[in-house]
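Enquirer: Position 181 of the sequence shown, counted from 1, bears residue number 181 in UniProt numbering, the numbering being contiguous throughout.
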Amino acid sequence: MSDDWVSLFSGGKDSSWALYRALEEDLPVSRLLTVHPAGDSYMYHTPATRLSALAAESAGIEAIDVEPADFESGEAADSDAGTRGDAEIEPLEAALRDLLDVPGFDLAGVTAGAVESEFQTSRIEGMCDRLGIDLFAPLWQEDPVALAESMIDAGFEITIVQVAAYGLDESWLGRTLDRNALSDLRDLNDDYGVHVLGEGGEFETFVTDGPHMDRAIELETEPVWEGSRGHLRVLDAELT
Numbered sequence: 001m002s003d004d005w006v007s008l009f010s011g012g013k014d015s016s017w018a019l020y021r022a023l024e025e026d027l028p029v030s031r032l033l034t035v036h037p038a039g040d041s042y043m044y045h046t047p048a049t050r051l052s053a054l055a056a057e058s059a060g061i062e063a064i065d066v067e068p069a070d071f072e073s074g075e076a077a078d079s080d081a082g083t084r085g086d087a088e089i090e091p092l093e094a095a096l097r098d099l100l101d102v103p104g105f106d107l108a109g110v111t112a113g114a115v116e117s118e119f120q121t122s123r124i125e126g127m128c129d130r131l132g133i134d135l136f137a138p139l140w141q142e143d144p145v146a147l148a149e150s151m152i153d154a155g156f157e158i159t160i161v162q163v164a165a166y167g168l169d170e171s172w173l174g175r176t177l178d179r180n181a182l183s184d185l186r187d188l189n190d191d192y193g194v195h196v197l198g199e200g201g202e203f204e205t206f207v208t209d210g211p212h213m214d215r216a217i218e219l220e221t222e223p224v225w226e227g228s229r230g231h232l233r234v235l236d237a238e239l240t
């Protein structure tokens, strides 16, 4: 058996960059695992996660989908953030434990795209300790501007699919995160404290093409604006 790695993958820029860097380091990533929260989530990227299957197909890596219970219902909605975060890691850990029973599969570690979130990273680290596996987190505590520049320079095509911060209006929906957008985000960081990578949930992204992908993903979308925040509704998506 060979050691296998699993990429914790949403299709967004951060998890895609973690996957790309893992492949550059010759880590044998054989699964992309995507959690699809039914409601809001403290632990996971939520918009456009269904598109991750297309990204996995383009990357030539098997996709695994995790469908946890609605985190906004029942007792979970009434619990504090820490309790909810602990509950949200459970379906992810269960999916990884299932992989441990797959014949010929030897789970060595997971990749994660956390940049500054101690809330997420500490829980993923705890999960890895319980499973006895390694964690590869190449974005952790790196300079956000340098990371964004590296993604752009590497050829990542990054589409902004959701915004939820003062200073980010409807014009940002569907915008490509390129050098011009990064310059504008740096200005918004100075003026309003918007994180240039959206680490605080200010915006969310989806990677439609990159050096780890064989084919680009073409999106047909329409903007949905809700007063002070909005998202792209995906009407159609296909590999070109």
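Ideal placement from N, C-alpha and C gives every residue a C-beta, glycine not left out.
As the structure is a computational prediction, the values presented were derived from the model and not from experiment.
Do you know how far the Cα of Y20 is from the Cα of L185?
Expert: Residue numbering aside, residue 185 sits at position 185 when the sequence shown is read from its first letter. Residue numbering aside, residue 20 sits at position 20 when the sequence shown is read from its first letter. Rounded to whole angstroms, L185 to Y20 spans 24 Å at the Cα level.
Enquirer: Contact check, L96 vs T159 under 8 Å by CB: the rounded distance?
Expert: Here residue 96 is taken as the residue at index 96 of the sequence shown, counted from 1. Here residue 159 is taken as the residue at index 159 of the sequence shown, counted from 1. About 29 Å separates the two Cβ atoms, so there is no contact after all.
Enquirer: Quick test of your reading: A232 and S58, contact by CB under 8 Å. State the CB separation rounded to the nearest angstrom.
Expert: Taking the first residue of the sequence shown as position 1, residue 232 is located at position 232. Taking the first residue of the sequence shown as position 1, residue 58 is located at position 58. One point to set straight first is that residue 232 is Leu, not Ala, in the sequence displayed. Their Cβ separation, rounded to whole angstroms, is 19 Å, which puts L232 and S58 out of contact at 8 Å.
Enquirer: Would you mind reading off the limits of the beta strand (DSSP E) that contains P223?
Expert: By 1-based counting over the sequence shown, the position of residue 223 is 223. Per DSSP, P223 belongs to the beta strand (DSSP E) from 217-225.
Enquirer: For A154, which option in V6, A18, D169 has the closest C-alpha, if you only look at C-alpha atoms?
Expert: If you number the sequence shown from 1, residue 154 lands on position 154. Nearest C-alpha to A154: A18.
Enquirer: Measuring straight from C-alpha to C-alpha, what distance separates T34 and V161?
Expert: Within the sequence shown, numbered from 1, the residue matching residue 34 stands at position 34. Within the sequence shown, numbered from 1, the residue matching residue 161 stands at position 161. Cα to Cα, T34 sits roughly 17 Å from V161.
Enquirer: Hey, G113 and D14: beta-carbon distance below 7 Å or not?
Expert: One-based indexing of the sequence shown puts residue 113 at position 113. One-based indexing of the sequence shown puts residue 14 at position 14. Result yes, Cβ atoms of G113 and D14 sit closer than 7 Å.
Enquirer: Could you tell me the distance, in whole angstroms, from the CA atom of E67 to the CA atom of D169?
Expert: If you number the sequence shown from 1, residue 67 lands on position 67. If you number the sequence shown from 1, residue 169 lands on position 169. Straight-line Cα distance between these residues: approximately 31 Å.
Enquirer: Grab the span of the beta strand (DSSP E) containing I124 for me, first residue to last.
Expert: Taking the first residue of the sequence shown as position 1, residue 124 is located at position 124. First-last for I124: 118-131, but that is the alpha helix (DSSP H), not the beta strand (DSSP E).
Enquirer: Tell me the rounded alpha-carbon separation between P91 and D65.
Expert: Taking the sequence shown and counting its residues from 1, the one referred to as residue 91 is at position 91. Taking the sequence shown and counting its residues from 1, the one referred to as residue 65 is at position 65. Rounded to whole angstroms, P91 to D65 spans 11 Å at the Cα level.
Enquirer: In chain order, what residues of the same chain lie with their CB nearer than 7 Å to the CB of F9, ignoring the 5 residues before and after it?
Expert: Numbered from 1 along the sequence shown, position 9 holds the residue referred to as residue 9. The answer, listed in chain order, is S15, L19, L32, L33, T34, S52.
Enquirer: Is the Cβ-Cβ distance between G12 and T205 less than 7 Å?
Expert: Counted from its first residue, the sequence shown places residue 12 at position 12. Counted from its first residue, the sequence shown places residue 205 at position 205. With respect to T205, G12 sits close: the two C-beta atoms are nearer than 7 Å.
Enquirer: For M213, I'd like the list of residues in its chain whose CB is within less than 6 Å of its CB, leaving aside the five on either flank, ordered along the chain.
Expert: Along the sequence shown, read from residue 1 onward, the residue named residue 213 stands at position 213. Correct list, in chain order: S58, A59.
Enquirer: Name the DSSP beta bridge partners of T205, please?
Expert: Position 205 of the sequence shown holds residue 205. Per DSSP, I160.
Enquirer: Secondary structure at S228, three-state DSSP: helix, strand or coil?
Expert: Mapped onto the sequence shown, residue 228 falls at position 228. In this structure, S228 counts as coil in the three-state DSSP scheme.
Enquirer: Can you tell me which of D86, V224, L27 puts its alpha carbon nearest to the alpha carbon of V163?
Expert: On the sequence shown, residue 163 is found 163 positions in, with the first residue counted as 1. Ranking D86, V224, L27 by Cα distance to V163 puts V224 first.
Enquirer: Measuring alpha carbon to alpha carbon, tell me which of R229, L182, G210, D209 ends up nearest residue 260.
Expert: Limits of the chain in this structure are 1 at one end and 240 at the other, which puts residue 260 out of reach.
Enquirer: Give me the Cα-Cα distance between D178 and A146, rounded to the nearest whole angstrom.
Expert: Position 178 of the sequence shown, counting from 1, holds the residue named residue 178. Position 146 of the sequence shown, counting from 1, holds the residue named residue 146. In a straight line, the C-alpha of D178 is about 13 Å away from that of A146.
Enquirer: Ignore the nearest five residues each way along the sequence and tell me which others in A55's own chain have a CB closer than 6 Å to its CB.
Expert: In the sequence shown, residue 55 corresponds to position 55, counting from 1. G11, listed in sequence order.
Enquirer: In angstroms, rounded to a whole number, what distance separates the CA positions of E93 and A216?
Expert: To locate residue 93, count along the sequence shown from 1; it is residue 93. To locate residue 216, count along the sequence shown from 1; it is residue 216. Their backbone Cα atoms lie some 31 Å apart in a straight line.
Enquirer: Determine the direct distance from the alpha carbon of V110 to that of P211, and round the result to whole angstroms.
Expert: The sequence position of residue 211 within the sequence shown is 211, counting from 1. The sequence position of residue 110 within the sequence shown is 110, counting from 1. Distance between the alpha carbons of P211 and V110: 20 Å.
Enquirer: Taking only three categories from DSSP, how would you classify D190?
Expert: As a working note, residue 190 is residue 190 in the sequence shown. Annotated three-state conformation of D190 is helix, per DSSP.
Enquirer: Helix, strand or coil for I64 per DSSP?
Expert: As a position in the sequence shown, residue 64 is number 64, starting the count at 1. DSSP places I64 in strand when its eight states are reduced to three.
Enquirer: For A108, name the three-state secondary structure that DSSP assigns.
Expert: Along the sequence shown, one-based indexing puts residue 108 at 108. Residue state, collapsed to three classes: strand.
Enquirer: Is L139 near C128, with beta carbons less than 7 Å apart?
Expert: Numbered from its first residue, the sequence shown carries residue 139 at position 139. Numbered from its first residue, the sequence shown carries residue 128 at position 128. No.
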